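Worksheet: the structure to be examined is printed underneath.
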Amino acid sequence: MSKIKFAKPRVCKRCWSRNGIKKISKEFMEKESHCKLCRGLFLKLDEIVDSILKEINSTGEIRTFSIGTSIPKASEVLEEQIWDYLNIKNAKSIKPELNAEIGKKIEKKSKYKFDPNPDIKIIYNVENGSVIKCLTPLYLYGTYNKLERGIRQTKKKGSKEESVEGLIEGVLANEVGTKGSKVILHGSGREDIDVLMLGSGRPFVAEITNPIKRDLNRKELEEISRKINGNCGKIKVDLKRVVDKEFVKIIKRAKFDKEYEAIVRLDAPIEKEELKLLPNQILLMQRTPKRVLIRRADKIRKRWIKNLESELVDEKTIKLKILSQSGTYIKEFISGDDGRTQPSVSSLLNRKAVCQQLNVTSIHSEWLDDFW
Ligand SMILES: [Zn+2]
59 MSKIKFAKPR
69 VCKRCWSRNG
79 IKKISKEFME
89 KESHCKLCRG
99 LFLKLDEIVD
109 SILKEINSTG
119 EIRTFSIGTS
129 IPKASEVLEE
139 QIWDYLNIKN
149 AKSIKPELNA
159 EIGKKIEKKS
169 KYKFDPNPDI
179 KIIYNVENGS
189 VIKCLTPLYL
199 YGTYNKLERG
209 IRQTKKKGSK
219 EESVEGLIEG
229 VLANEVGTKG
239 SKVILHGSGR
249 EDIDVLMLGS
259 GRPFVAEITN
269 PIKRDLNRKE
279 LEEISRKING
289 NCGKIKVDLK
299 RVVDKEFVKI
309 IKRAKFDKEY
319 EAIVRLDAPI
329 EKEELKLLPN
339 QILLMQRTPK
349 RVLIRRADKI
359 RKRWIKNLES
369 ELVDEKTIKL
379 KILSQSGTYI
389 KEFISGDDGR
399 TQPSVSSLLN
409 RKAVCQQLNV
419 TSIHSEWLDD
429 FW
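So the sequence shown is residues 59 to 430, counted in my numbering.
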């Protein structure tokens, strides 16, 4: 493509000096107010900043901001033509200068501080003066208990099943967000839909989009928790503190030992004495369960059952208390999953064993609370 030579690029003193050119003949010089590159924007910074501040002020609790600008294509083209025509090395675009000047002025005129990871991101459109604002979500750390069976952890598209995520969404959106706020639950692991989550609960982070509130102390969080818990009685949450996005990764990667209580049904009667066939501690070789093969790779994992206690309920029913390493599939430890988990309650007792009811009674996640 042949380059169109730009006969006499005329821009203002400010635009030349940005590119390191201090002296230039008059024919290349334009008045700042008439400059087609900067469009005299630097002369109207107060006006621009006031319109941005109006937007931030109407957005709830904000402490930090970042600023970006979108400039018309014509200005970008002109800028490149100038660099091209005069062979300017180390050419500098108008955008960073504009962003910096607006940012400095916002800090001067308000209590808001610039931050590359801000509460609010502002994009100022130079051409039409519009302000686009994008709020960073709010992240709340807490724990939840599931007190009824049949509740999923997160919502499933097209499913009518209730979820912990769905049950906390309404109150959270109402208390800290706006009508359009969405709530995303990031759990530290998950229990099956038919498993209760008891004890001190499962750690999670609730991400709330478009939050209006950001400064929430323990007392306010307790109040919100009470509202959620009073709403349905099916779950119990304990919101503990505001965290940053990084904390989602921490709880997602965390490995906690877990305690379970299981009611197990056997296909043949058993004597109390025979329960001694179950050792206190067991090293399992667990191949990915058949039921999760669709979403997980088929591989063999080593997992410790760190403590196992058993009790006879009736001749074909036993109750197990299990302390296991993170990532153990408990239902498969009981059934054996057609030999994919070895050993198993089935193989150790020489009877077909099926988990009839399962509860998580404790997640050893205490160290998360010592994080601060
Ligand atoms: Zn200019």
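Just so it is clear, CB atoms sit at the ideal spot from N, CA and C, and this is done for glycine as well.
Since this is a predicted model, take the numbers as computed values, not measurements.
Looking only at its chain, what residues have a beta carbon closer than 6 Å to the beta carbon of residue i, apart from the 5 residues adjacent to it on each side?
i	result
residue 121	177
residue 59	For residue 59, the pLDDT reaches just 43, beneath the cut-off of 50, and the residue's location in the model is therefore unreliable, although a value from the coordinates is still provided. Once the five neighbours on either side are set aside, residue 59 has no close Cβ partner at all.
residue 314	384, 421, 422 and 423
residue 194	177
residue 211	222, 245 and 248
residue 274	300
residue 312	246
residue 130	185
residue 88	68, 69 and 70
residue 276	none
I want to check one thing, is the minimum distance from the CB of residue i to the heavy atoms of ligand 1 below 7 Å?
i	result
residue 72	yes
residue 138	no
residue 156	no
residue 96	yes
residue 93	yes
residue 135	no
residue 227	no
residue 69	yes
residue 90	yes
I'd like to check one pair, residue j with residue i: are the Cβ atoms closer than 8 Å?
i	j	result
residue 409	residue 341	no
residue 279	residue 297	yes
residue 152	residue 68	no
residue 387	residue 305	no
residue 416	residue 293	no
residue 382	residue 310	no
residue 328	residue 407	yes
residue 356	residue 345	yes
residue 234	residue 286	no
residue 90	residue 96	yes
residue 225	residue 418	no
residue 243	residue 220	no
residue 282	residue 229	yes
residue 337	residue 390	no
residue 288	residue 203	no
residue 1	residue 156	Residue 1 lies beyond the stretch modelled for the chain, which goes from 59 to 430, so this question has no answer here.
Pull the bridge partners of residue i from the DSSP assignment, please.
i	result
residue 86	According to DSSP, residue 86 bridges with nothing at all.
residue 192	179
residue 168	DSSP output for residue 168 lists no bridge partner at all.
residue 413	322
residue 367	379
residue 125	180
residue 204	255 and 293
Between which two residues does the beta strand (DSSP E) carrying residue i extend?
i	result
residue 256	254–266
residue 320	316–324
residue 344	340–345
residue 184	Residue 184 -> no beta strand (DSSP E), and no H or E assigned at all.
residue 245	241–245
In chain order, what residues of the same chain lie with their CB nearer than 8 Å to the CB of residue i, ignoring the 5 residues before and after it?
i	result
residue 110	125, 160, 164, 180, 182 and 189
residue 404	392, 393, 394, 410 and 411
residue 61	The predicted position of residue 61 is uncertain, since its pLDDT is 49 and thus under 50; no value can be drawn from it.
residue 270	117, 118, 119, 234, 235 and 236
residue 86	66, 67, 68, 69 and 74
residue 291	205
Can you tell me where the alpha helix (DSSP H) with residue i in it begins and where it stops?
i	result
residue 357	Counting along the chain, residue 357 falls outside any alpha helix (DSSP H), and DSSP gives it neither H nor E.
residue 110	103–115
residue 75	71–76
residue 228	222–234
residue 294	Residue 294 -> not in any alpha helix (DSSP H); beta strand (DSSP E) instead, spanning 293–301.
residue 388	388–393
residue 305	304–311
residue 276	276–290
residue 404	403–407
residue 211	First-last for residue 211: undefined, no H or E at that position.
residue 425	424–427
Leaving out the 5 sequence neighbours to the left and right, which residues in its chain are closer than 7 Å to residue i when beta-carbon positions are compared?
i	result
residue 168	111
residue 268	193, 235, 236, 238 and 239
residue 103	159, 160 and 163
residue 284	none
For ligand 3, is there a heavy atom less than 7 Å away from the beta-carbon of residue i?
i	result
residue 120	Among the ligands modelled here, namely ligand 1, ligand 3 does not occur.
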